[in-house]
Amino acid sequence: AQSVAQPEDQVNVAEGNPLTVKCTYSVSGNPYLFWYVQYPNRGLQFLLKYITGDNLVKGSYGFEAEFNKSQTSFHLKKPSALVSDSALYFCAVRDPLRDYKLSFGAGTTVTVRA
Amino acid sequence: KAGVTQTPRYLIKTRGQQVTLSCSPISGHRSVSWYQQTPGQGLQFLFEYFSETQRNKGNFPGRFSGRQFSNSRSEMNVSTLELGDSALYLCASSLGLAGVQPSTDTQYFGPGTRLTVL
Numbered sequence: 002a003q004s005v006a007q008p009e010d011q012v013n014v015a016e017g018n019p020l021t022v023k024c025t026y027s028v029s030g031n032p033y034l035f036w037y038v039q040y041p042n043r044g045l046q047f048l049l050k051y052i053t054g055d056n057l058v059k060g061s062y063g064f065e066a067e068f069n070k071s072q073t074s075f076h077l078k079k080p081s082a083l084v085s086d087s088a089l090y091f092c093a094v095r096d097p098l099r100d101y102k103l104s105f106g107a108g109t110t111v112t113v114r115a
Numbered sequence: 018k019a020g021v022t023q024t025p026r027y028l029i030k031t032r033g034q035q036v037t038l039s040c041s042p043i044s045g046h047r048s049v050s051w052y053q054q055t056p057g058q059g060l061q062f063l064f065e066y067f068s069e070t071q072r073n074k075g076n077f078p079g080r081f082s083g084r085q086f087s088n089s090r091s092e093m094n095v096s097t098l099e100l101g102d103s104a105l106y107l108c109a110s111s112l113g114l115a116g117v118q119p120s121t122d123t124q125y126f127g128p129g130t131r132l133t134v135l
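Listed below in structure tokens is the structure:
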């Protein structure tokens, strides 16, 4: 079975500081990994995904994520956080060889203070 | 291009009733997936439709059903509503079927339908 864990329920950072949201996964094959963001009363917005190739993936709104196979992690990063980045972030994983379902982590609430 | 649209945005029903939610995918997208989001269980996969056929299904009771039309629009139905069905129901569309072609299976979500069961 595949699973994804987001070990931090909340992340608080000051505006202008680096932002990191952690994600670890467990799948039987090579994973497809995704990050989504959800603003209040809105659906999920796609940020970026890793399928294969370069371990560093760049996405929307200045976000990037690094795939680390040995640590089974896919942490989301932004060099300089904005107040508008405050939202709920979800990591998701799909094992293309086993289960086509997209499994989501529990989510991490990011608060960026001015 | 217009995004995924869902109607209605808000719905209040009572126990025992049934409800139908609608989803219009991004133009050209052929796959539609449905998810239930609750504070306790998080995001859970309900089912995926592609070319009017259910291709994948999550672990939900038979009260939850869906269908897809020839124009890729999809509806989800929940019969005999229970209090625990109160949730945000999210629809997502993608160009292709999940797991077949990685370049086409990124899912794009609609704003959701907030269902409250009293």
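Chains A and B, in that order, are what the protein sequence lines are.
Going by the working numbering, 3 is the number at position 2 of the first sequence; the sequence numbering is gapless.
Going by the working numbering, 122 is the number at position 105 of the second sequence; the sequence numbering is gapless.
No residue lacks a Cβ here, since even glycine has one placed at the ideal position from N, Cα and C.
A quick note: this is a predicted structure, and the numbers were derived from the prediction, not measured.
By the CB criterion at 9 Å, L77/A and V113/A fall outside the cutoff. S74/A is not a Cβ neighbour of Y37/A, given a cutoff of 9 Å. CA-CA distance, N73/B to T31/B, rounds to 29 Å. Sequence-distant Cβ neighbours of Y66/B in its own chain, meaning closer than 8 Å and more than five residues away, are S48, V49, S50, R72, G83, R84, Q85 and S91.
Of G17/A, E9/A, Y40/A and L34/A, the smallest CA-CA separation from Y101/A is found for L34/A.
The three-state reading of DSSP puts S85/A in helix, counting H, G and I together. Y66/B is outside the set of residues whose beta carbon lies under 9 Å from a beta carbon in chain A. For L45/A, the CB contacts under 6 Å within the same chain, skipping 5 residues up- and downstream, are Y37 and Q39 in chain order.
In terms of Cβ geometry, T110/A and A88/A form a close pair [threshold 9 Å].
Not a single C-beta of chain B is nearer than 9 Å to the C-beta of L34/A. Between L112/B and H46/B the beta-carbon gap is near 6 Å, inside 8 Å, which marks them as a contact.
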